[in-house]
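I have placed the structure first, in the form of structure tokens, so that the comments after it can refer back to it.
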Amino acid sequence: MSLSQPINTVLRKIPAWTIYIVCAAWTVWMFYLGLTGGLGVEPINALEREYGELALKLMVVGLLVTPLRNWTGVNLLRFRRAIGLSAFFLVLAHFLVWAVLDVQSLGRVWTEIVKRPYVTVGMLAFVLLIPLALTSNDLSIRKLGAATWRKLHKLTYPAAVLGAVHYLWLVKGFQIEPLIYLGVIIGLVALRVKWKQRSRAMA
Ligand code: HEM
């Protein structure tokens, strides 16, 4: 018996909504820490960063679901929707903390989006995630048809690349973390393209 079987048995017992609860609790906890001085001297900036980083991590985990199943047999497919939607809500929280608590003016929000390339790229990633979030439900799959729905959900890949470019662009000086995110995401996109080409060649 492979190791993936007992892991999948345990995973089947965990309801997918656990992901929403854990992410929501973490988001509220971070906000609370920000309010009570637990996030240092610049709580708004720290909160913005915490939300942005977890959003990117969840996007990577979402992209890893299929390779993980193909390579190891560990099946996280049941959790993919919850992972993707939680990533979207965290990007939304990241955006709202920035716009409402940090920038605090609608006019300046627009100016910043247009003026700062790293914000423009982040915004583009966010915009790409909106149709994905709106159609992450069974009704949309039925209405759009599975093939169209799958095509639409390929937007996950450019959204993740843009999210990582946004991170790389905003850091000052050389930092390894954003490079790792970008490298992993580009690797996963390349893998996806390779698998697609192979399945086309075999068809
Ligand atoms: C998929 C979308 C997005 C992802 C994955 C993302 C991710 C991130 C990450 C990882 C960071 C750095 C965190 C750290 O330093 O530890 C960050 C910072 C930042 N993001 Fe985003 N972001 C996204 C969208 C946006 C949007 C839509 C905006 C605003 C329009 C935005 C504005 C910012 C700003 C201003 C910072 C820098 C905060 C600072 O001053 O340090 N991001 N983001």
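To convert, note that position 173 of the sequence shown is 173 in UniProt numbering; the numbers rise steadily by one, no gaps.
The beta carbon of each residue, even a glycine, is placed where N, CA and C say it ideally should be.
Check: Beta-carbon proximity of residue 130 to residue 88, cut-off 9 Å; Outcome: yes
Check: Endpoints, alpha helix (DSSP H) assigned at residue 203; Outcome: Unbroken run through residue 203: none, as it is neither H nor E.
Check: Under 9 Å between C-beta atoms of residue 64 and residue 188; Outcome: yes
Check: Reference residue 15; option with closest CA among 72, 78, 52; Outcome: 78
Check: Selected residue, minimal CA-CA separation from residue 183, among 168, 194, 172; Outcome: 168
Check: DSSP state of residue 14 mapped onto helix, strand, coil; Outcome: coil
Check: Residue range of the unbroken alpha helix (DSSP H) whose run includes residue 154; Outcome: First-last for residue 154: undefined, no H or E at that position.
Check: Any non-hydrogen atom of the ligand HEM within 8 Å of residue 166 CB; Outcome: yes
Check: Residue 109 beta carbon less than 9 Å from that of residue 99; Outcome: yes
Check: For residue 118 and residue 90, believed in contact at Cβ under 8 Å, the rounded distance; Outcome: Actually they do not touch by this definition, with Cβ atoms about 18 Å apart.
Check: Top-ranked residue by Cα proximity to residue 25, from 36, 190, 86; Outcome: 86
Check: Short Cβ contact (9 Å threshold) for residue 160 with residue 62; Outcome: yes
Check: Reduced DSSP secondary structure (H/G/I, E/B, other) of residue 75; Outcome: coil
Check: Delimiting residues of the alpha helix (DSSP H) encompassing residue 144; Outcome: 138–144
Check: Limits of the unbroken alpha helix (DSSP H) element including residue 93; Outcome: 80–96
Check: Cα-Cα separation between residue 75 and residue 2, rounded to whole angstroms; Outcome: 13 Å
Check: Within 9 Å, strictly: CB atoms of residue 39 and residue 84; Outcome: no
Check: Three-state secondary structure (DSSP) of residue 173; Outcome: coil
Check: Short Cβ contact (9 Å threshold) for residue 59 with residue 163; Outcome: yes
Check: Three-state secondary structure (DSSP) of residue 116; Outcome: coil
Check: Sequence-distant residues of its chain with Cβ nearer than 8 Å to residue 103 (five each side left out); Outcome: 109, 112
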